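Enquirer: Protein chains in written order, with this note's numbering: chain F, 1 to 229; chain S, 1001 to 1072. From the three backbone atoms N, C-alpha and C, an ideal C-beta is built for every residue, glycine too. The structure displayed is predicted, hence computed values, not measured ones. My structure is below; once you've seen it, I'll send some questions.
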Amino acid sequence: MFKLSEAQENELLNQPETGMGYQVVEASKAGSYTREKFIVLNSEFVFEMMASQTNTDTSGKVFLSQLSYSDRQKLNENAQNKASIITLNNMSVLNGRQFRNIVNESKNENEGGAIENPVETNGEEIFVRLSAFDNDRRVDKKKRCLRPGSYTTTMEDYLKCKNTNDDPVERYALPSNNKIKFAFYIQPLKTDTLQKGTVQPANGKRGGGKEAYFAEGTSAGTFLKQTSY
Amino acid sequence: MQPQTLKLSDNFINALVNLPENGMGYQIVKVILKSGKILHQHKVLNSELLMLEENEIITVKDIDKIELEKKK
């Protein structure tokens, strides 16, 4: 258990809570570039969240109720300013929906990311790649195909995203908040292999959309068209 | 606040385009600087824009190599 500096405490005070009395924060500890999740009580007391806690808890409240007696004792001591200070870089606070979605998405063991799932083929389905870039470099416009190692979503999930007015940056857990502007339509041949899965929470985004990974890319001529999003 | 990005040079772009993505439109890389410092877990958008942390000030000339970060 740690305590934030006054400056960081003020930074969090100006941001909404994830739930009553707590904020779930994604940040990297000073000296580390790895993003981790922390639960911050009263914008002040910091607990590191273990992966198992984000996987099994249904809400921050459950996490709080599971604090051990010694943790609670420490919390009392922290109230007396005995906790050591921790610096969290690039803090982003998850709202309740994002946090719930992380928990919910992680619950289903059958819905891993695409690369965890078996290889399959498909000769009919259309896939869509969303991008902020007109010149998306994974789409080879000369050969009209996807380059090896590229991700798309399914047409069905793309339409669900559009029709429900969902935010594609959240749904596909994209690292940049750049607005999605383009959609690239791909129809692989029967000989093209792919892996399907569910976008896992990442980059401080909830994920939950469907993804398809083309380790070998797609055959020439499978890129159908580009539209604006 | 949007993170800063650094446009990579063609040699890095051409190398990254031939490496797999980690998610739709991005790759997670390790940036090895000429100074010997290594920046871990950085993201590159569209194989061309390196996302930097708030306090990182580097130019393309500072970069020696860019490699995909090994999966955990």
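Looking only at C-alpha atoms, which of F:K142, F:K205, F:K143 sits nearest to F:V24?
Expert: With distances taken between Cα atoms, F:V24 lies closest to F:K205.
Enquirer: Assuming F:A169 contacts F:T153 (C-beta within less than 8 angstroms), just tell me the rounded distance between them.
Expert: Note that residue 169 of chain F is Val in the sequence shown here, rather than Ala. Between F:T153 and F:V169 the Cβ distance is about 13 angstroms, and since that is not below 8 angstroms, they are no contact.
Enquirer: Pull up the distance between the alpha-carbon of F:S150 and that of F:A215, whole angstroms please.
Expert: When rounded, the distance between both Cα atoms is 7 angstroms.
Enquirer: Just to confirm my understanding: we take F:K143, look at its own chain, exclude 5 residues before and 5 after, and list those with CB closer than 7 angstroms. What are they?
Expert: Contacts found: A220.
Enquirer: Does DSSP classify F:S219 as helix, strand or coil?
Expert: DSSP places F:S219 in coil when its eight states are reduced to three.
Enquirer: What residues are listed by DSSP as bridge partners for F:V139?
Expert: Paired residues: F:L146.
Enquirer: Keeping to the same chain, check which residues put their C-beta closer than 6 angstroms to that of F:Q80; ignore five residues upstream and five downstream.
Expert: Summary for F:Q80: the model assigns pLDDT 49, below 50, so the residue's position carries little reliability; its value from the coordinates is reported in the next sentence. Excluding sequence neighbours, F:Q80 sits near nothing in its chain.
Enquirer: Straight-line CA distance for F:N163 to F:V199?
Expert: So the alpha carbons of these two residues sit roughly 19 angstroms apart.
Enquirer: What are the boundary residues of the beta strand (DSSP E) that includes S:I1066?
Expert: Residues 1063-1068.
Enquirer: Where are the alpha helix (DSSP H) runs, 4 residues long or more, that stay fully inside the stretch 155-219 of chain F, in chain order?
Expert: Listed in chain order, the complete alpha helix (DSSP H) runs (minimum 4 residues) inside the stretch 155-219 of chain F are 155-163, 168-171.
Enquirer: So is S:I1057 buried or exposed if we call it buried at 16+ other beta carbons inside 10 Å?
Expert: The residue in question, S:I1057, is exposed, as its Cβ has fewer than 16 Cβ neighbours within 10 Å.
Enquirer: When DSSP labels each residue in this structure, what does S:I1013 get in the three-state scheme?
Expert: If DSSP states are grouped into helix, strand and coil, S:I1013 belongs with the helices.
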